[in-house]
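Here the sequence shown is numbered in the UniProt record's numbering, starting from 1 and rising by one per residue. Ideal placement from N, C-alpha and C gives every residue a C-beta, glycine not left out. What you are looking at is a predicted structure, and each value in this text was computed from that prediction instead of being measured.
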Amino acid sequence: MSVLPVRIAFDRVSVEFPTDKGPMRVLDDVSFDIREGEFVSIIGPSGCGKTTLMNMLAGFVKPTSGQVLLDGKPVSGPGPDRGVIFQEYGVFPWLTVRQNIEFGLKLSASKVTAAERAGICERYMRLMGLADFANHFPKHLSGGMRQRLAIARAYAVRPQFLLMDEPFGALDAQTRSAMQDLLLEVLMAEGKTVMLITHSVEEAIYLSSRIVVVTARPARIRTIIDVPFGYPRAENVHEDPHFAELRAHIRELVMQEYAAQARQAATVRMSD
Ligand SMILES: Nc1ncnc2c1ncn2[C@@H]1O[C@H](COP(=O)(O)OP(=O)(O)OP(=O)(O)O)[C@@H](O)[C@H]1O
1 MSVLPVRIAF DRVSVEFPTD KGPMRVLDDV SFDIREGEFV SIIGPSGCGK
51 TTLMNMLAGF VKPTSGQVLL DGKPVSGPGP DRGVIFQEYG VFPWLTVRQN
101 IEFGLKLSAS KVTAAERAGI CERYMRLMGL ADFANHFPKH LSGGMRQRLA
151 IARAYAVRPQ FLLMDEPFGA LDAQTRSAMQ DLLLEVLMAE GKTVMLITHS
201 VEEAIYLSSR IVVVTARPAR IRTIIDVPFG YPRAENVHED PHFAELRAHI
251 RELVMQEYAA QARQAATVRM SD
């Protein structure tokens with residue numbers, strides 16, 4: 001069996017941010033690779049450093065030590081090869097729904113004609129349930145619709161990499177599940193390499209090929225778990241007994257890290 005190439009490499013990465021009390025270490029010696037076409041989820045306690053990990057890959061934050069490599073080259077800044085979707089709506093309030101989706105396409109290195117652009121726009125507006133709102137501005141959309149617009153904007157550019165930070169966290173359960181299925185469809189059709197941050201163990205197992213569990217801050221790798229389900233992923237995988245076992249196992253690990261975080265916080269309070 002041929003081994004697919006490594007596209008993303010975190011190589012002994014540490015990050016420290018300056019604070020009033022001196023440098024705060026957020027990531028500590030993190031190393032892992034993501035291969036072509038892999039879907040890797042990152043899961044761990046709140047505030048442990050997951051977004052910082054993604055921000056380095058997106059090119060917004062530089063490591064204090066170690067390096068983040070994209071196809072073997074250190075990340076030097078943001079680029080159109082990486083579609084980034086944040087927790088908070090990444091839409092331009094001064095552009096309509098259609099203009100928001102078209103925006104990235106106009107910038108995109110892969111030149112598309114105006115007719116192709118219009119076609120891609122229509123397709124994503126339809127898929128995201130936004131077709132009737134093409135000429136609306138974001139302020140007239142619900143929070144969930146704005147988030148779907150942000151997702152549509154990222155997908156429309158067809159980036160090689162999708163970097164998603166809790167993209168579905170603010171959506172209602174039904175929309176969240178529809179968005180997960182749509183993401184799997186987009187991946188099947190276009191074959192991307194994905195890094196997803198999520199607080200949902202269920203979501204991580206349903207979507208990923210591997211799950212990286214990170215520790216309480218400073219985030220280190222606690223363990224990396226191979227998800228034993230292939231693609232296209234059957235929707236009823238949720239009912240597989242292995243799914244329940246894996247969910248219980250990962251929940252236990254994450255709970256342990258939350259407990260470690262609470263202990264650390266108590267120690268800091270006592271030493272204040
Ligand atoms: N640019 C920055 N300057 C200073 N501190 C920062 C910066 N970015 C993040 N931090 C701090 O680093 C820590 C980790 O933040 P990060 O957003 O990476 O965590 P997270 O695991 O993604 O959290 P959550 O799950 O709650 O989104 C937090 O304490 C945060 O306040």
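How is the alpha helix (DSSP H) around residue i delimited, first residue to last?
i           : result
residue 356 : Given that the chain is displayed from residue 1 to residue 272, the structure contains no residue 356 and the question cannot be resolved.
V97         : 97-107
M195        : Not the alpha helix (DSSP H): M195 falls in the beta strand (DSSP E), residues 193-197.
V201        : 201-207
V13         : Per DSSP, V13 belongs to no alpha helix (DSSP H); it is in the beta strand (DSSP E), 6-19.
L183        : 173-190
P141        : Note that residue 141 is Leu in the sequence shown, not Pro. No alpha helix (DSSP H) contains L141, which DSSP labels as neither H nor E.
L53         : 50-58
Start and end of the beta strand (DSSP E) containing residue i?
i    : result
Q160 : Looking at the DSSP string, Q160 is not in any beta strand (DSSP E), and its letter there is neither H nor E.
R117 : R117 -> not in any beta strand (DSSP E); alpha helix (DSSP H) instead, spanning 114-127.
R220 : Taken as a continuous stretch (DSSP letters only), R220 belongs to no beta strand (DSSP E), as it is neither H nor E.
D28  : 22-35
S65  : 65-70
F39  : 39-43
R210 : 210-214
Buried or exposed: where does residue i fall if 16 or more other Cβ atoms within 10 Å of its Cβ makes it buried?
i           : result
D28         : buried
Y231        : exposed
P5          : exposed
F17         : exposed
P228        : exposed
M54         : buried
A152        : buried
H22         : Here residue 22 turns out to be Gly, not His, going by the sequence shown. Its Cβ having fewer than 16 others within 10 Å, G22 is exposed.
L70         : buried
R198        : Before going further, note that residue 198 is Thr rather than Arg in the sequence given. Buried, since its Cβ has 16 or more Cβ neighbours within 10 Å.
L107        : exposed
E257        : buried
M125        : buried
V15         : buried
A154        : buried
T52         : buried
R269        : exposed
A266        : exposed
residue 284 : In the structure displayed, the chain extends from 1 to 272; residue 284 sits before or after that span and is not available.
A173        : exposed
Cβ atoms of residue j and residue i: under 8 Å apart, would you say?
i           : j    : result
V84         : V13  : no
M164        : L187 : no
S31         : S208 : no
L183        : R222 : no
V75         : P138 : no
G59         : G79  : yes
L105        : R117 : yes
residue 288 : F243 : Because residue 288 is not part of the residues shown, which for the chain are 1 to 272, the question remains open.
I250        : I225 : yes
L57         : I8   : yes
E203        : Q180 : yes
V201        : R233 : no
A156        : G44  : no
N135        : T175 : no
R148        : G129 : yes
For ligand 3, is there any heavy atom lying closer than 7 Å to the beta carbon of residue i?
i   : result
G66 : Ligand 3 is not among the ligands present in this structure, which contains only ligand 1.
| field | Inter-stretch contact at 8 Å, needing at least 3 Cβ pairs: the stretch 252-271 / the stretch 207-219 | value | yes
| query | Counting pairs of beta carbons, one from the stretch 96-104 and one from the stretch 32-49, are three or more of them closer than 8 Å? | reply | no
| request: Mind the definition here: the stretch 185-201 touches the stretch 150-168 only if three or more C-beta pairs lie below 8 Å; say whether that holds. | output: yes
| query | Given 8 Å as the limit, is there contact between the stretch 140-150 and the stretch 60-74, that is, 3 or more CB pairs closer than that? | reply | no
| request: Take every Cβ of the stretch 44-54, pair it with every Cβ of the stretch 20-27, and state whether three or more of those distances are shorter than 8 Å. | output: yes
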